[in-house]
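Chemist:
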Ligand code: NAD
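In this note's numbering, the protein residues as written are 44 to 338.
#1: Return the CA-CA distance between residue 173 and residue 134, expressed in angstroms with no decimal places.
#2: Is the beta carbon of residue 122 within less than 7 Å of some heavy atom of the ligand NAD?
#3: In whole angstroms, what is the alpha-carbon distance linking residue 78 and residue 251?
#4: Which whole-angstrom value describes the C-beta separation of residue 312 and residue 288, a residue pair presumed to lie in contact below a C-beta threshold of 8 Å?
#5: Going by beta carbon distance, what residues of the same chain come within less than 6 Å of residue 302, once the five residues before and after it are set aside?
#6: Run through the DSSP bridge pairs and tell me what residue 155 is partnered with.
#7: Give me the Cα-Cα distance between residue 309 and residue 325, rounded to the nearest whole angstrom.
#8: Would you identify the three-state DSSP class for residue 213, choosing helix, strand or coil?
#9: Pairs of beta-carbons, one from the region 271 to 281 and one from the region 320 to 334, closer than 8 Å: are there three or more?
#10: Do you know how far the Cα of residue 209 is from the Cα of residue 298?
#11: Here's a check: name, in chain order, each residue in its chain whose Cβ is nearer than 6 Å to the Cβ of residue 218, leaving out the five neighbours to either side.
#12: Please report the distance separating the alpha-carbon of residue 199 from that of residue 75.
#13: With 16 other CB atoms within 10 Å as the buried threshold, where does residue 54 fall?
#14: Look at the Cβ atom of residue 262, then the Cβ atom of residue 229, and state whether they are nearer than 8 Å.
#15: Following a CB-centred definition, is residue 75 positioned closer than 7 Å to any heavy atom of the ligand NAD?
#16: Can you find the residues in the same chain that come closer than 7 Å, C-beta to C-beta, to residue 316, ignoring five residues on each side of it along the sequence?
#17: Skipping 5 residues on each side, what residues in its chain have a beta carbon closer than 7 Å to that of residue 184?
#18: Which whole-angstrom value describes the C-beta separation of residue 167 and residue 128, a residue pair presumed to lie in contact below a C-beta threshold of 8 Å?
#19: List the endpoints of the continuous beta strand (DSSP E) containing residue 173.
#20: Please report the distance separating the alpha-carbon of residue 270 from that of residue 99.
#21: Alpha carbon to alpha carbon, how far is residue 267 from residue 314?
#22: Using a Cβ-Cβ cut-off of 8 Å (strictly less than) and excluding sequence neighbours within five positions of residue 40, which residues of its own chain qualify?
#23: Quick check on residue 337: buried or exposed, where buried means 16 or more other Cβ atoms within 10 Å of its Cβ?
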């Protein structure tokens, strides 16, 4: 068991840190928000009064923060006070460029680093069933894997520095596009007089089959656990989907890749978000698609 510092105790980081405590690690935690620090204390972590204080004596440091600028800011503060050779893992979803900069910063200070964004949402964070997509050197990944296994059930080494973030945004671009496609198919079926259940029964066992249909079905009924049956409460909020589609577009621009449907999906979610739906589950996009017919 290791001395682990955990910085960023929000909706994801809080339960992830709690799972490390449950697994027997000695966790020292920090967040800017007092209520998050108190919750971590209740969960059994020791609380530090800054990021730099949290990492003193740590063998492994984990960050779970909103965006690239937060990660680079925190890493800039803590790397100089960490013991050389400490493993540092960022689990936030951030842009590929910032992830690569963070790795370079860690190398400059003599640390091993891994980018390890997650999929599985807050349910996966609580249940320790997250999927981790990792980027970094083989040795750093090998050291990170047993720690990540306390918070997730699938740990994938995707490649060199930044490859975890690349995998995350490519996956979520598929998800954002496919949810719009499934929403359009149900909206068309409604106009054609085809029932939701009939379309589901056919498409879920035919070539239209995909996660957006079979797990997060955007109409109530066919998949009882999908957010559509719970007034489109997230789940995975539209604002987070927009964030990931925007990261995908940033990456596509800087890498010179053409992603016409990714670009269109980003524009559609941007409109949905800007009309007050940022907190609605992203499968609620079906209502936006229906509304377009009236325009
Ligand atoms: P969150 O906003 O709930 O938590 C982020 C935490 O970071 C906050 O508690 C904030 O106070 C803290 N923080 C910010 N700057 C800090 C600093 N300088 N020092 C210490 N703490 C600081 O966000 P979240 O939902 O936990 O998501 C975290 C990351 O995981 C994001 O990058 C998000 O895109 C990604 N993610 C979220 C989900 C999800 O379903 N919520 C799923 C997959 C990935």
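Even glycine gets a Cβ: it sits at the ideal position worked out from N, Cα and C.
The model shown is predicted, which means the values in this text are computed figures rather than measured ones.
Modeler: Reading off the structure:
#1: Residue 173 sits at position 130 when you count from the first residue of the chain shown. Residue 134 sits at position 91 when you count from the first residue of the chain shown. If you take the alpha carbons of residue 173 and residue 134, they lie about 11 Å apart.
#2: Residue 122 sits at position 79 when you count from the first residue of the chain shown. No, the ligand NAD has no heavy atom inside 7 Å of this Cβ.
#3: Looking up residue 78 in the chain shown gives position 35. Looking up residue 251 in the chain shown gives position 208. The C-alpha of residue 78 lies about 45 Å from the C-alpha of residue 251.
#4: Counted from its first residue, the chain shown places residue 312 at position 269. Counted from its first residue, the chain shown places residue 288 at position 245. In this structure residue 312 is in contact with residue 288, their Cβ atoms being roughly 6 Å apart against a cut-off of 8 Å.
#5: Here residue 302 is taken as the residue at index 259 of the chain shown, counted from 1. Sequence-distant partners of residue 302 (beyond 5 residues in either direction) whose C-beta falls short of 6 Å from its own C-beta, in its chain, are 295.
#6: Taking the chain shown and counting its residues from 1, one reaches residue 155 at position 112. Note: residue 155 is bridge-paired with 130 in the DSSP secondary-structure output.
#7: On the chain shown, position 266 is the one that residue 309 refers to. On the chain shown, position 282 is the one that residue 325 refers to. Whole-angstrom Cα-Cα distance: 12 Å.
#8: Translated into the one-based positions of the chain shown, residue 213 becomes position 170. Three-state result, residue 213: helix.
#9: The answer is yes - the region 320 to 334 touches the region 271 to 281, with three or more Cβ pairs under 8 Å.
#10: Residue 298 sits at position 255 when you count from the first residue of the chain shown. Residue 209 sits at position 166 when you count from the first residue of the chain shown. Each residue's Cα considered, the two are about 11 Å apart.
#11: As a position in the chain shown, residue 218 is number 175, starting the count at 1. Cβ contact annotation for residue 218 (same chain, cutoff 6 Å, sequence separation greater than five): none.
#12: Looking up residue 199 in the chain shown gives position 156. Looking up residue 75 in the chain shown gives position 32. The straight-line gap from Cα to Cα measures roughly 30 Å.
#13: For the purposes of this step, residue 54 is taken as residue 11 along the chain shown, with counting starting at 1. With fewer than 16 other Cβ atoms within 10 Å, it is exposed.
#14: Taking the chain shown and counting its residues from 1, one reaches residue 262 at position 219. Taking the chain shown and counting its residues from 1, one reaches residue 229 at position 186. Yes.
#15: Position 32 of the chain shown, counted from the first residue, corresponds to residue 75. Of the heavy atoms belonging to the ligand NAD, at least one sits nearer than 7 Å to the Cβ of residue 75.
#16: Stepping through the chain shown from its first residue, residue 316 is reached at position 273. Within the same chain, 281, 282 and 285 come within 7 Å of residue 316 by CB-CB distance, once the 5 residues on both sides are set aside.
#17: Looking up residue 184 in the chain shown gives position 141. Beyond the five residues adjoining it in sequence on each side, residue 184 comes within less than 7 Å, by CB distance, of 157, 177 and 200 in the same chain, given in chain order.
#18: As a position in the chain shown, residue 167 is number 124, starting the count at 1. As a position in the chain shown, residue 128 is number 85, starting the count at 1. Contact doesn't hold; Cβ gap of about 30 Å is too wide.
#19: Along the chain shown, read from residue 1 onward, the residue named residue 173 stands at position 130. Membership of residue 173 in the beta strand (DSSP E) is indicated by the continuous run 173 to 178.
#20: Within the chain shown, numbered from 1, the residue matching residue 270 stands at position 227. Within the chain shown, numbered from 1, the residue matching residue 99 stands at position 56. Cα to Cα, residue 270 sits roughly 42 Å from residue 99.
#21: Locating residue 267 in the chain shown gives position 224, counting from the first residue. Locating residue 314 in the chain shown gives position 271, counting from the first residue. Going by the C-alpha atoms only, they are around 28 Å apart.
#22: One cannot answer for residue 40 here, as it falls past the ends of the chain, which runs 44 to 338.
#23: For this step, residue 337 is matched to residue 294 along the chain shown. Taking a 10 Å sphere around the C-beta of residue 337, we find fewer than 16 other C-beta atoms and assign the residue as exposed.
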